[in-house]
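Residue numbers (our numbering), protein chains in the order written: chain A, 34 to 373; chain B, 163 to 503.
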């Protein structure tokens, strides 16, 4: 396949700079960086160009980079399919699917095309596209704007998937995804776009995919989580600490590649496992984590627990939605039952 | 864009598509090129049904027997850097684009030397080194992918034209509509080729559309469109030449509807109960190889030259098949390779 060229000389250290940014601004900074550094990148999707994205994430990029940043018709199959075609020709398209729910309109291009191209061509025709989308529940969102679909993507060999929660990870995920030679789905989170500014180091070298974070050490139970709900898991762990229960919180930034070593190492220490995700439980990726721990033969002191949304559609009314989604109080209650 | 909507009737001939009429040498070359596809397809059919269907070639195979004029006429107008995308009925397009017959037969037979080492199979021949960027077993999926190939060309300075081939039924898929619209909106250099063989798998197209002249859709998207005699390589060539020229000069995409027919089932083993009385007899009269042979003979081209086009092709395919089947099978130890970079 065509080599990725960058404007930097090989081995030249990227310029490091730290700025206080919101999550969406960190994505924007990363996109600006890769557009500047990697001439093959194209950035497009619905309302991505002139309007700068419905959440403002791509604001200013068209002004800065011109025609390489552009708007498309409301046509998810054409967006994803054209990304596959462009990537086959050596481009590095970064496309936005405005809501993860909308990817379902064009799943063929992700599952049958992008994920398939490398394998069936024996490596001759890979399709390294980057798909940015966002998911998760936010107050007032309806059933078709609230789903957590990561398990669906993760079932497909050939696709990579990352769910950054912090501004730093959101920035780093974009840079790593563009430099990866696989199709990568970046699932951002809408509520996080509106969070506080944090320190983000820009310009570091592209990190290899697959990192996780041990966010909080603890001896009594391992909580594996990803995405925005990790914040709830951390809050639950803090509240339990007051009562002497120490929960270890491991955040999986990438779900493929999956840092299973970190999960196993933690569970081997704590001998208890809870997986927390916002997606509904049946067929969720939490089941996969539990299964892999079971297969590894680690002796547990308590039955493993999956915490997620119950298997219902997500209602529009905030009061109803809140009652279904994992929160710190509910997570803490389940964890304390486990360690009792 | 008026004036590009040349053909209007099914079965219009070369004259209606721009008065194309190639010289005898070119026409003999076309005959040979069509025979290469026919011989390849016949060979594949033979291998597929051998040993009661449990021989070297197994699984779903879709032949293009009767549709050889399209790929032969169209591929001669593509440059090496252009990108061609086909569907699962794409063996003829792959061969016309330059993919070696031996590597195609080897692919079908699951050999390591197959064009994709046995991973692609009949429906997914992919040979970017020949400008052949893949068949596809999802009908209609190739249209947006071709749009992307054209789009990339706008930035990489290649001047690439993308051509995508689909059947009549595929034009009813959502992805096709999205691709046609986006290509027109962005005036991208894409040639959309629809091979209208009348059958959407096992169902006649005219029962599945309100307007059976599919080329007329082009106007709705704001692009050039034309119905072409798809059984005449010269007519196809003329129409594709105009479309490629339009694409290269920045005038945007074209939708070509090639009227043709398949003389065989949708897949090998299709009992074809849906065929109408007399249909196949008429189709055999109009099929491109017989027709061009008759036409050359009528012009006084020696029978030996006409015969030579066939025998050379058949000999080549026989040799290719022999070599392909002599090759070792794909290595199961590599079956997990190439999922990720």
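Glycine included, each C-beta is placed from N, C-alpha and C at the ideal position.
So residue i contacts chain A; which residues on that side make the cut at Cβ distance below 9 Å?
i: residue 373/B; result: Here the premise fails: no neighbours, minimum Cβ distance about 22 Å.
i: residue 317/B; result: 72, 73, 75, 100, 101, 119 and 124
i: residue 486/B; result: Chain A residues near residue 486/B: none, gap ~17 Å exceeds 9 Å.
Please list the partners that residue i has in chain B, where partner means a Cβ-to-Cβ separation under 9 Å.
i: residue 84/A; result: Result: empty, since nearest Cβ-Cβ is about 17 Å, beyond 9 Å.
i: residue 52/A; result: Per Cβ cutoff of 9 Å: no residues; residue 52/A is ~29 Å from chain B at best.
i: residue 151/A; result: 500, 501, 502 and 503
Mark residue i as exposed unless 16 or more other C-beta atoms lie within 10 angstroms of its C-beta, in which case mark it buried.
i: residue 112/A; result: buried
i: residue 267/A; result: buried
i: residue 325/B; result: buried
i: residue 227/A; result: exposed
i: residue 178/A; result: buried
i: residue 186/B; result: exposed
i: residue 176/B; result: Unreliable positioning characterises residue 176/B in this predicted model, as indicated by a pLDDT of 40, which lies under 50. The coordinate reading is nonetheless provided below. Buried: at least 16 other Cβ atoms inside 10 Å.
i: residue 465/B; result: exposed
i: residue 251/B; result: buried
i: residue 328/B; result: buried
i: residue 209/B; result: buried
Anything in chain B within Cβ reach of residue i, meaning under 8 Å, just list it in chain order.
i: residue 105/A; result: 344
i: residue 272/A; result: Correct list: empty, because the minimum Cβ distance to chain B is about 40 Å.
i: residue 366/A; result: Those within 8 Å of residue 366/A in chain B number zero; the least Cβ separation is about 40 Å.
i: residue 191/A; result: 501 and 502
i: residue 114/A; result: 303, 305, 306, 307, 309, 310, 337, 340 and 341
i: residue 213/A; result: 503
i: residue 95/A; result: Per Cβ cutoff of 8 Å: no residues; residue 95/A is ~14 Å from chain B at best.
i: residue 111/A; result: 306, 309, 337, 340, 341, 343 and 344
Tell me the DSSP secondary structure of residue i in three-state form.
i: residue 287/A; result: strand
i: residue 197/A; result: coil
i: residue 491/B; result: strand
i: residue 496/B; result: helix
i: residue 230/B; result: coil
i: residue 74/A; result: strand
i: residue 424/B; result: coil
i: residue 481/B; result: helix
i: residue 447/B; result: helix
i: residue 183/B; result: coil
i: residue 143/A; result: helix
i: residue 167/A; result: strand
i: residue 189/A; result: coil
i: residue 350/B; result: coil
i: residue 178/A; result: helix
i: residue 430/B; result: coil
i: residue 223/B; result: coil
i: residue 216/B; result: coil
i: residue 60/A; result: helix
Residue i touches chain B at which residues, Cβ-Cβ below 7 Å?
i: residue 155/A; result: 278, 279, 281 and 500
i: residue 117/A; result: 307 and 310
Residue range of the alpha helix (DSSP H) that residue i falls in?
i: residue 300/A; result: 293-303
i: residue 192/B; result: 186-211
i: residue 326/A; result: 318-328
i: residue 370/A; result: 361-372
i: residue 98/A; result: 94-98
i: residue 451/B; result: 450-460
i: residue 336/B; result: 336-347
i: residue 109/A; result: 109-121
i: residue 153/A; result: 148-153
Applying a beta-carbon distance threshold of less than 8 Å, which residues of chain A neighbour residue i?
i: residue 290/B; result: 121, 154, 157 and 158
i: residue 300/B; result: 141, 145 and 146
Can you name the start and end residues of the beta strand (DSSP E) that residue i belongs to?
i: residue 52/A; result: 50-54
i: residue 104/A; result: 102-104
i: residue 329/B; result: 324-329
i: residue 395/B; result: Element bounds for residue 395/B: not the beta strand (DSSP E) but the alpha helix (DSSP H), 395-410.
i: residue 41/A; result: Segment: none, residue 41/A is in no beta strand (DSSP E) and carries neither H nor E.
i: residue 352/A; result: No beta strand (DSSP E) contains residue 352/A, which is instead part of the alpha helix (DSSP H) from 351-357.
i: residue 125/A; result: 125-130
i: residue 36/A; result: Taken as a continuous stretch (DSSP letters only), residue 36/A belongs to no beta strand (DSSP E), as it is neither H nor E.
For residue i, which residues in chain A fall below 7 Å Cβ to Cβ?
i: residue 295/B; result: 121 and 158
i: residue 347/B; result: 106
i: residue 512/B; result: The question about residue 512/B has no answer, for chain B in this structure spans 163 to 503.
i: residue 245/B; result: 122
May I ask you to check if the CB of residue i is nearer than 7 Å to at least one heavy atom of the ligand NAP?
i: residue 364/B; result: Among the components modelled here there is no ligand, and therefore nothing to report on the ligand NAP.
ask   = What are the complete beta strand (DSSP E) segments, minimum 3 residues, inside the segment 352-392 of chain B?
value = 352-358 and 386-391
ask   = Can you give, in chain order, each stretch of the alpha helix (DSSP H) that sits fully within the segment 232-305 of chain B and has at least 4 residues?
value = 253-259 and 263-270
Ranges of the beta strand (DSSP E) found wholly within the segment 202-277 of chain A, counting only runs of at least 3 = 217-222, 231-235, 245-249 and 254-258
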